[in-house]
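Here's the structure, in structure tokens; my notes come after.
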Amino acid sequence: MQLDLRSRPGDIVMSFLGLDYRILHKDLGESISAESQVKSTYKRDVDDLSWYDSYHPYTDHVQYLKDLHESFPDNSELVYSGHSYENRTISGIHLFGDDGADKPAVLYHGTVHAREWISAPVVEYIALQLINAHKNATNASESVLNQYSFHIFPVVNPDGFVYSQEVDRLWRKTRTPPPPPPQNQSCYGTDINRNWNACAQAYRGQKPSDTVENQGLDAYVRKLRDTVGIKLYIDWHSYGQYILSPFGSKEEWYAPELGKWTKTALVLGEVIRDSSERRTTFTFGPSGATLYTTTGAPPDHVYAIGGADFSYTIELPDTGDFGFVLPPDRIRGAAEEQWEGQKALFPLLDEVFFDGLGPA
36 MQLDLRSRPG DIVMSFLGLD YRILHKDLGE SISAESQVKS TYKRDVDDLS WYDSYHPYTD
96 HVQYLKDLHE SFPDNSELVY SGHSYENRTI SGIHLFGDDG ADKPAVLYHG TVHAREWISA
156 PVVEYIALQL INAHKNATNA SESVLNQYSF HIFPVVNPDG FVYSQEVDRL WRKTRTPPPP
216 PPQNQSCYGT DINRNWNACA QAYRGQKPSD TVENQGLDAY VRKLRDTVGI KLYIDWHSYG
276 QYILSPFGSK EEWYAPELGK WTKTALVLGE VIRDSSERRT TFTFGPSGAT LYTTTGAPPD
336 HVYAIGGADF SYTIELPDTG DFGFVLPPDR IRGAAEEQWE GQKALFPLLD EVFFDGLGPA
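In the numbering used here, each residue's number is its place in the sequence shown (first place is 1) plus 35.
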């Protein structure tokens, strides 16, 4: 009896090289197509959680912020850090309690990188839950908005975000024109996560804050620093499931606050895991030592220049199966578990931490 066996060429190569592998996407194009069915028919009901069942165009995100404000008019205001290179507004919402807006600031940024679509709805979900928690509070101490003012920007890279939805799903940078010399003239965009080789996805610009996007964001940070102070900063990204603190520029450069950052991050990670149906697990550490070295990253800047007491990057799910192309049916779960984590984090922000030098 003759038996013919057939193997895929890729399997033969991997076997010959002695390498283990697994398929992340059987068809990446199909995954992108399914995930990229962007809904543009927003119903304008902020309590309709179906918003978190699909991804949405930039204009709907802007409208959603307006509707959040209209649902909470006495304790919120629309804020702007400036405009993008293509003149789109970098819009945010400022939430505060009943006794005024002059409280220490919590600052959230989302969609610094255009392709990281999951970050915007996560940040928006937290804004919605902050509003609802305040409305449902039976006394002032139950609402975190009476302790801190929240400045929430779901999409800080609107040009890149629109480009990722309309042209190139995996686009990362802004859409600023290429710098000289002439051979760079096809190299659009700056990575504003480093602006703080021109064709690189992580091209950081020619000097700090040389993009209009970062100039506005930096001015906003300095204004908060000089008025109410910054209690907490979180820069939301995907993917990898990390909670990262400064510093990123060196593997062995640790801030004096690392002890309290570690404690709060561990609590945050435990609550996220325990509240998640998927038991989502996060890894914590200084970004340079834990993930890779970076320069000009926002958490380093907001800590060192903005004076933030706590400063983190959170890399949202997943760990690589879908990567940047997280399916729409994963949005709500990712948002819900982050809200649970934030609720556990808030009470720790004013806790006195043991510093190793004696009793607090």
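From the three backbone atoms N, C-alpha and C, an ideal C-beta is built for every residue, glycine too. None of the values given here were measured: they were computed from a predicted structure.
Cβ shell of residue i (< 6 Å), same chain only, five flanking positions each side left out
i: residue 398; result: Past the edges of the chain, shown from 36 to 395, lies residue 398, and the structure says nothing about it.
i: residue 367; result: 87
i: residue 169; result: 178, 180
i: residue 114; result: 127, 129
i: residue 139; result: 183, 263, 264, 266
i: residue 341; result: 256, 260, 265
i: residue 112; result: 129
i: residue 197; result: 93
i: residue 383; result: 299
i: residue 343; result: 265, 268, 337
Sequence-distant residues of its chain with Cβ nearer than 7 Å to residue i (five each side left out)
i: residue 151; result: 272, 273, 359
i: residue 255; result: 116
i: residue 134; result: 181
i: residue 306; result: 375, 376, 379
i: residue 235; result: Its pLDDT being 39, under 50, residue 235 is placed unreliably in this model, and the coordinates cannot settle the point.
i: residue 385; result: none
i: residue 295; result: 388
i: residue 308; result: 314, 315, 316
i: residue 363; result: 70, 88, 89, 90
Beta-bridge pairing of residue i - partner residues as DSSP gives them
i: residue 140; result: 184, 265
i: residue 130; result: 111, 185
i: residue 321; result: 280
i: residue 349; result: 271, 278
i: residue 354; result: Answer is none; residue 354 lacks a bridge partner.
i: residue 125; result: 117
i: residue 341; result: Per DSSP, none; premise fails for residue 341.
Anticipated Cβ contact below 8 Å, residue i with residue j, distance rounded
i: residue 194; j: residue 123; result: 6 Å
i: residue 337; j: residue 265; result: 7 Å
i: residue 277; j: residue 334; result: Actually they are not in contact, since the Cβ atoms of residue 277 and residue 334 sit about 12 Å apart, beyond 8 Å.
i: residue 153; j: residue 351; result: 5 Å
i: residue 149; j: residue 192; result: 5 Å
i: residue 190; j: residue 224; result: Incorrect: roughly 16 Å between the Cβ atoms, too far for contact.
i: residue 318; j: residue 329; result: Contact flag wrong, Cβ pair sits at about 16 Å.
i: residue 247; j: residue 118; result: 7 Å
i: residue 320; j: residue 279; result: 7 Å
Buried or exposed (CB count within 10 angstroms, at least 16 for buried), residue i
i: residue 141; result: buried
i: residue 212; result: exposed
i: residue 108; result: exposed
i: residue 110; result: buried
i: residue 370; result: buried
i: residue 253; result: buried
i: residue 387; result: exposed
i: residue 327; result: exposed
i: residue 210; result: buried
i: residue 205; result: exposed
i: residue 332; result: buried
i: residue 173; result: exposed
i: residue 85; result: exposed
i: residue 339; result: exposed
i: residue 175; result: exposed
Same chain only: Cβ atoms within 8 Å of residue i, ignoring 5 sequence neighbours per side
i: residue 354; result: 274, 275, 276
i: residue 101; result: 113
Segment contact, 8 Å Cβ cut-off, at least three pairs: the segment 369 to 389 with the segment 300 to 319
Yes, the segment 369 to 389 is in contact with the segment 300 to 319.
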